[in-house]
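What follows is a single structure, written as structure tokens, with notes after it.
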Amino acid sequence: MSGSMAQAFAHNFLGNSPRWYKVTIIGFLLLNAVVLWTVGPVAAGWLLVLEFIFTLAMALKCYPLMPGGLLLVEALLLKMTTPQALYLELQHNFPVILLLMFMVAGIYFMKDLLLFLFSRLLLGVRSKPMLALMFCFLSAFLSAFLDALTVTAVIISAAVGFYSVYHRVASGKDPRQDTEFSDDQHLPKLSLDDLEQFRAFLRSLLMHGAVGTALGGVCTLVGEPQNLLIGHEMGWNFTEFFLKIAPVSLPVLTAGLVTCVLLEKLRLFGYGTLLPDNVRTVLANYAGEDDAGRTARQRAALIVQGAAALILIASLAFHIAEVGLIGLMVIVLITAFTGITDEHRLGSAFKDAMPFTSLLVVFFAVVAVIHDQQLFTPLIQWVLALPADQQPGMLFIANGLLSAISDNVFVATIYITEVKQAFVSGHISREHFDTLAIAINTGTNLPSVATPNGQAAFLFLLTSAIAPLIRLSYGRMVWMALPYTVVMGVLGWYAVSYWL
Numbered sequence: 004m005s006g007s008m009a010q011a012f013a014h015n016f017l018g019n020s021p022r023w024y025k026v027t028i029i030g031f032l033l034l035n036a037v038v039l040w041t042v043g044p045v046a047a048g049w050l051l052v053l054e055f056i057f058t059l060a061m062a063l064k065c066y067p068l069m070p071g072g073l074l075l076v077e078a079l080l081l082k083m084t085t086p087q088a089l090y091l092e093l094q095h096n097f098p099v100i101l102l103l104m105f106m107v108a109g110i111y112f113m114k115d116l117l118l119f120l121f122s123r124l125l126l127g128v129r130s131k132p133m134l135a136l137m138f139c140f141l142s143a144f145l146s147a148f149l150d151a152l153t154v155t156a157v158i159i160s161a162a163v164g165f166y167s168v169y170h171r172v173a174s175g176k177d178p179r180q181d182t183e184f185s186d187d188q189h190l191p192k193l194s195l196d197d198l199e200q201f202r203a204f205l206r207s208l209l210m211h212g213a214v215g216t217a218l219g220g221v222c223t224l225v226g227e228p229q230n231l232l233i234g235h236e237m238g239w240n241f242t243e244f245f246l247k248i249a250p251v252s253l254p255v256l257t258a259g260l261v262t263c264v265l266l267e268k269l270r271l272f273g274y275g276t277l278l279p280d281n282v283r284t285v286l287a288n289y290a291g292e293d294d295a296g297r298t299a300r301q302r303a304a305l306i307v308q309g310a311a312a313l314i315l316i317a318s319l320a321f322h323i324a325e326v327g328l329i330g331l332m333v334i335v336l337i338t339a340f341t342g343i344t345d346e347h348r349l350g351s352a353f354k355d356a357m358p359f360t361s362l363l364v365v366f367f368a369v370v371a372v373i374h375d376q377q378l379f380t381p382l383i384q385w386v387l388a389l390p391a392d393q394q395p396g397m398l399f400i401a402n403g404l405l406s407a408i409s410d411n412v413f414v415a416t417i418y419i420t421e422v423k424q425a426f427v428s429g430h431i432s433r434e435h436f437d438t439l440a441i442a443i444n445t446g447t448n449l450p451s452v453a454t455p456n457g458q459a460a461f462l463f464l465l466t467s468a469i470a471p472l473i474r475l476s477y478g479r480m481v482w483m484a485l486p487y488t489v490v491m492g493v494l495g496w497y498a499v500s501y502w503l
């Protein structure tokens with residue numbers, strides 16, 4: 004009996020994850036305590052950061068919330084950080100949590116409109132480089148005025164819609180019925196081949212879109228949370244911020260869009276896959292049937308969703324309230340005027356957002372450990388000790404590297420605080436202070452596309468419902484982002500070093 008119970012516990016631990024993965028996580032938990040007690044908290048802190056990145060990299064083996072959560076529970080027990088520090092971190096990032104809770108759900112209720120609009124784009128533009136460029140540019144443009152997570156939620160919702168339609172049709176099911184579309188067992192061989200090509204096609208579009216959110220998000224005061232933080236510290240309004248950042252952001256944006264087209268034409272790094280003809284036929288037939296059979300109530304619902312989308316864009320552009328609260332308003336407006344009144348349909352809208360929201364809380368616990376153990380302090384002090392003409396370029400590199408393994412909002416907060424303290428104490432001039440602020444902002448936004456945990460939009464995509472369906476793993480995201488990382492990082496560093 005005891006043997007069977009032990010087997011049951013071993014099987015239940017992290018569920019169907021591979022045995023080697025379970026052993027690895029247990030090894031991490033044991034190793035952390037040993038390193039803390041023998042080497043010290045700084046080494047243990049860096050080890051914890053690397054372990055958490057490992058759980059993100061293995062997201063397709065096990066959702067990172069469970070193994071990452073175990074690591075952070077241990078960190079709290081070992082007093083590498085405190086519940087109070089975690090709570091303060093969550094308070095500081097509460098707008099992001101609100102955004103995930105309500106905005107993602109709000110986008111869910113727009114999925115009919117999104118599928119309608121994106122299907123016209125997908126079926127109307129046959130050139131893959133042009134289609135990729137449009138995805139990247141639209142994501143950049145929207146992210147400059149909206150929030151990158153909101154834009155990412157939009158393109159994820161559209162991709163899930165396309166994928167579910169084809170998968171259900173290929174499986175012999177009604178594409179309009181809410182049935183499972185993650186099981187490939189019932190697909191014939193030809194449909195499986197088309198599905199693999201369709202997955203690669205969607206992967207490339209989603210990655211172009213995700214990179215686009217970084218290209219556009221760096222440009223404006225409201226593009227990313229750290230932009231707003233830096234702009235507030237510097238006293239820059241919307242126009243001032245755009246003009247200050249433009250010598251770096253606009254050349255990088257142009258280079259990023261050129262990179263997008265070249266990747267598709269040259270078919271490098273997993274890009275260049277075309278939409279299969281059979282999939283195009285299925286999606287075109289679905290769109291045609293939808294148009295022919297759309298009832299007056301369905302047309303009215305599309306009009307309501309369109310009006311809600313315009314209200315959403317205007318509300319976000321003028322920042323009438325926190326983004327998450329605007330998302331709640333969108334939920335209320337769409338559900339109230341489209342006949343959605345039951346709790347079950349409301350609950351479905353929150354299904355995708357809550358796991359990532361929970362994971363983000365664990366991520367902020369990692370940030371709390373970084374803060375409490377002052378893991379970044381030596382690097383900050385080293386950069387600020389360099390000659391003044393070398394500081395902007397090194398700040399860009401340091402911010403990029405640290406943002407790629409941590410949280411870019413946290414990194415920006417730490418660096419701008421230190422630099423402002425140097426300015427207030429009279430160690431640097433206002434002009435040099437402006438230059439360093441630009442380096443911090445662009446450093447946290449551009450090279451951080453190197454890894455999914457460097458950008459919240461990338462992390463959201465990696466842990467979304469679409470990632471396992473299209474086989475988008477951590478390693479594949481890093482590989483597909485690599486050319487963008489090199490172009491955006493090198494050009495951004497050169498602009499910060501020589502054009503400011």
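Using the working numbering, the letters of the sequence shown map in sequence onto residues 4 to 503.
Just so you know, even glycine gets a beta-carbon here, dropped at the ideal spot from N, CA and C.
Roughly how many angstroms separate the alpha carbons of residue i and residue j, rounded to a whole number?
| i | j | result |
| --- | --- | --- |
| lysine 212 | serine 428 | According to the sequence shown, residue 212 is glycine rather than lysine. Computed Cα separation, rounded: 42 Å. |
| leucine 472 | arginine 202 | 8 Å |
| isoleucine 441 | asparagine 411 | 14 Å |
| alanine 9 | serine 476 | 32 Å |
| isoleucine 28 | leucine 63 | 15 Å |
| alanine 295 | leucine 126 | 17 Å |
| histidine 95 | lysine 268 | 43 Å |
| leucine 387 | glutamate 243 | 25 Å |
| leucine 120 | leucine 195 | 27 Å |
| asparagine 15 | glutamine 229 | 40 Å |
| cysteine 139 | glutamate 421 | 34 Å |
Around the Cβ of residue i, are there at least 16 other Cβ atoms within 10 angstroms (buried) or fewer (exposed)?
| i | result |
| --- | --- |
| serine 467 | buried |
| asparagine 444 | buried |
| leucine 80 | exposed |
| tryptophan 450 | Looking at the sequence shown, residue 450 is not tryptophan but proline. Proline 450 comes out buried. |
| tyrosine 418 | buried |
| serine 130 | exposed |
| glutamine 393 | exposed |
| histidine 170 | buried |
| methionine 4 | At methionine 4 the pLDDT is 48, less than 50, meaning the model places this residue with poor confidence; the figure from the coordinates comes in the next sentence. By the neighbour-count rule (16 or more Cβ atoms within 10 Å), methionine 4 is not buried but exposed. |
| histidine 430 | exposed |
| isoleucine 323 | exposed |
| phenylalanine 55 | buried |
Measure the Cβ-Cβ separation of residue i and residue j and say whether it is below 8 Å.
| i | j | result |
| --- | --- | --- |
| alanine 371 | threonine 84 | yes |
| valine 333 | valine 52 | no |
| tryptophan 24 | methionine 61 | A small correction: the amino acid at residue 24 is tyrosine; tryptophan does not occupy that position in the sequence shown. Their beta carbons are under 8 Å apart, which means tyrosine 24 touches methionine 61 by this criterion. |
| leucine 328 | leucine 39 | no |
| leucine 59 | phenylalanine 367 | no |
| valine 414 | threonine 447 | yes |
| alanine 352 | alanine 108 | yes |
| valine 523 | proline 395 | With the chain represented from 4 up to 503, any question about residue 523 goes unanswered, as that position is not in the structure. |
| methionine 106 | glycine 330 | yes |
| alanine 391 | threonine 454 | no |
| glutamate 236 | lysine 423 | yes |
| proline 86 | valine 326 | no |
| phenylalanine 148 | alanine 317 | no |
With residue i and residue j assumed to form a contact (beta carbons below 8 Å), what rounded beta-carbon distance in angstroms separates them?
| i | j | result |
| --- | --- | --- |
| phenylalanine 340 | glycine 495 | Not confirmed; about 44 Å, so no contact. |
| leucine 116 | glycine 309 | 6 Å |
| leucine 389 | methionine 397 | 6 Å |
| valine 154 | serine 146 | 5 Å |
| glutamine 301 | proline 44 | So it is not a contact: roughly 59 Å between Cβ atoms. |
| leucine 266 | proline 486 | 6 Å |
| leucine 363 | glycine 71 | Contact flag wrong, Cβ pair sits at about 11 Å. |
Excluding five sequence neighbours on each side, which residues of the same chain lie with their C-beta closer than 6 Å to the C-beta of residue i?
| i | result |
| --- | --- |
| leucine 256 | Leu218 |
| alanine 151 | Thr216, Gly220, Ala460 |
| alanine 143 | Gly215, Leu218, Gly219 |
| leucine 382 | Ala401 |
For residue i, collect the residues of the same chain with a Cβ closer than 8 Å to its Cβ; drop the 5 residues on either side in sequence, then sort them by chain order.
| i | result |
| --- | --- |
| proline 358 | Tyr66, Leu68, Thr466 |
| methionine 483 | Arg206, Ser207, Met210, Phe272, Gly273, Tyr274 |
| leucine 32 | Leu73, Leu74, Glu77 |
| arginine 479 | Arg206, Gly273 |
Please return the same chain residues whose Cβ sits closer than 7 Å to the Cβ of residue i, not counting the five positions on each side in sequence.
| i | result |
| --- | --- |
| valine 490 | Ala258, Gly259, Thr262 |
| valine 307 | Ile337, Phe340, Thr341 |
| glycine 234 | Leu224, Phe244 |
| leucine 305 | Asp115, Leu116, Phe119 |
| leucine 462 | Pro455, Asn456 |
Any heavy atom of the ligand SAM closer than 7 Å to the CB of residue i?
| i | result |
| --- | --- |
| phenylalanine 272 | Questions concerning the ligand SAM fall outside what the structure shown contains, since it holds no ligand whatsoever. |
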